[in-house]
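A.B. asks: In this note's numbering, the protein residues as written are 20 to 472. In this text, a Cβ means the ideal position worked out from N, Cα and C, and glycines have one as well.
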Ligand code: SF4
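1. Below 8 Å on the Cβ atoms is my contact criterion, and I expect residue 38 with residue 435 to pass it. Report the Cβ-Cβ distance as a whole number of Å.
2. Give the range of the beta strand (DSSP E) segment to which residue 425 is assigned.
3. Whole angstroms are fine: how far does the CA of residue 377 sit from the CA of residue 398?
4. Going by the DSSP bridge assignment, what does residue 334 pair with across the sheet?
5. Measuring alpha carbon to alpha carbon, tell me which residue in 441, 389, 264, 423 is nearest residue 400.
6. Is residue 129 near the ligand SF4, going by C-beta to nearest heavy atom under 7 Å?
7. Return the chain-ordered list of same chain residues with a C-beta closer than 7 Å to the C-beta of residue 22, the five sequence neighbours on each side being excluded.
8. Unbroken beta strand (DSSP E) runs of length 3 or more, entirely within the stretch 95-142: which are they?
9. So residue 453 packs on residue 174, CB below 8 Å; how close in whole Å?
10. Between which residues of its own chain and residue 212 is the CB-CB distance below 7 Å, once the five residues before and five after are set aside?
11. Which first and last residues belong to the beta strand (DSSP E) in which residue 300 is found?
12. For residue 164, which residues from the same chain have a beta carbon less than 7 Å from its beta carbon, with the 5 sequence-adjacent residues on both sides left out?
13. Apart from the five residues just before and just after residue 20, which ones in its own chain have a Cβ nearer than 8 Å to its Cβ?
14. Locate the alpha helix (DSSP H) running through residue 193, then write down its first and last residues.
15. Are the stretch 306-313 and the stretch 246-254 in contact at 8 Å, needing three or more beta carbon pairs?
16. Any heavy atom of the ligand SF4 inside 7 Å of the beta-carbon of residue 79?
17. Using a Cβ-Cβ cut-off of 7 Å (strictly less than) and excluding sequence neighbours within five positions of residue 257, which residues of its own chain qualify?
18. Is it buried or exposed, residue 118, if we count other Cβ atoms within 10 angstroms and call 16 or more buried?
19. Determine the DSSP secondary structure at residue 29, reduced to helix, strand or coil.
20. Please determine, among 459, 100, 58, 92, the residue with the shortest C-alpha to C-alpha distance to residue 360.
21. Taking contact to mean at least 3 C-beta pairs separated by less than 8 Å, is the stretch 274-290 in contact with the stretch 117-131?
22. Any idea what DSSP makes of residue 165, helix, strand or coil?
23. Would you check whether the ligand SF4 has a heavy atom nearer than 7 Å to the C-beta of residue 352?
24. Are the beta-carbon atoms of residue 45 and residue 114 separated by less than 8 Å?
25. Name the two residues that bound the continuous alpha helix (DSSP H) containing residue 352.
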């Protein structure tokens, strides 16, 4: 049980982020700076990943903060053509020529809006311009309505070996509120095709939903178990970064308000215990892999939440990249993105030079384990070790041989711990983003843990 002396007194309002953040000056001359960086040689150590972004969806889920468009029919092929060109440009830079990809991830948006021919086109562009490890994990996000067998066959043929689909909830009332339009039969078909063609199939589940009770969550978890995907990613809904329309529905009383912080914590504990008691291993703090799964890694996650020398390059509209010493983001407007590629330029909008030696430590609460020997090689400032000592004294982390591991008490507060570990010079960007988003959306959730104060 929580110790009142050691636990946090509130939950954070924003926690889904990539690290490092991009700070002041990132817009200035971004493309030339990034191109210069990419003309140098990379460090062959570490895991290397490619992310490919498809920014279109058939319907818009009300909670979704991602950049995407539904009116895409005329734009899809020009976009795929530009993306194939960008893949060729990026893959042939000196830096990326040194990458052997241990994972590829197609995300969005909804990558399964691509036709089989477009999947093959992009698959060819990747094989022609990148080096893939023999056991490269290749994931594709799919949405159940558009995940037809011909598309999944095309994915399989180019080398995809893992799919992930967002069920979010089985509850009909929540599905209506969130505008989740796939039928249960379509969800089941996607799962069965996942089993037929791929070594892994993951489903996303959201919890801490407006007005959600433990009974309603239990129903969702039961159905998730029945679907028997190889893994389940169970995420708390992050209200601050949902759409304005969704927040307005809550402000106007059209849907219930979020659970209070104590109930959020109770829902989190319930989800974790339920999945662990029902044959799943907690492989990441929010990822639960069936004990009998054929494949139990998530190599792309290991890279984006990985060490300083683990790097990923993003291609496509608004895709982000994190290299050892530079993070950059692509154009966010489709016309600008396509025009840049057509002109033979990398479509880069922001770039930020920063050596995030501490990256693995920032994500340690999510990944749940970190090697002390590795930490000792990084030359980190003493404050990081002071924070770790404090966590250990508070019972949030423990030692297991040479590793630091999250305790059960720590896992409850992993979101708080991730934010506590951000160094001051990066925390200013995090705080600024949270404040601006709160102002923009006029959403100020208290998240105070009453039972612990
Ligand atoms: S949750 Fe996925 S499918 Fe829904 S709108 Fe967002 S990106 Fe599209």
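C.D. replies: Concretely, from the data shown:
1. 16 Å between Cβ atoms; not a contact.
2. 422-425
3. 9 Å
4. 71
5. 441
6. yes
7. Because residue 22 carries a pLDDT of 45, less than 50, the predicted location of this residue cannot be relied on, and no value is offered for it.
8. 119-127
9. So it is not a contact: roughly 37 Å between Cβ atoms.
10. 166, 168, 171
11. 299-301
12. 77, 200, 201, 205
13. Bear in mind that the predicted position of residue 20 carries a pLDDT of just 39, short of 50, making it too unreliable to give a figure here.
14. 191-197
15. yes
16. yes
17. 33, 34, 35
18. buried
19. strand
20. 100
21. no
22. coil
23. no
24. no
25. First-last for residue 352: undefined, no H or E at that position.
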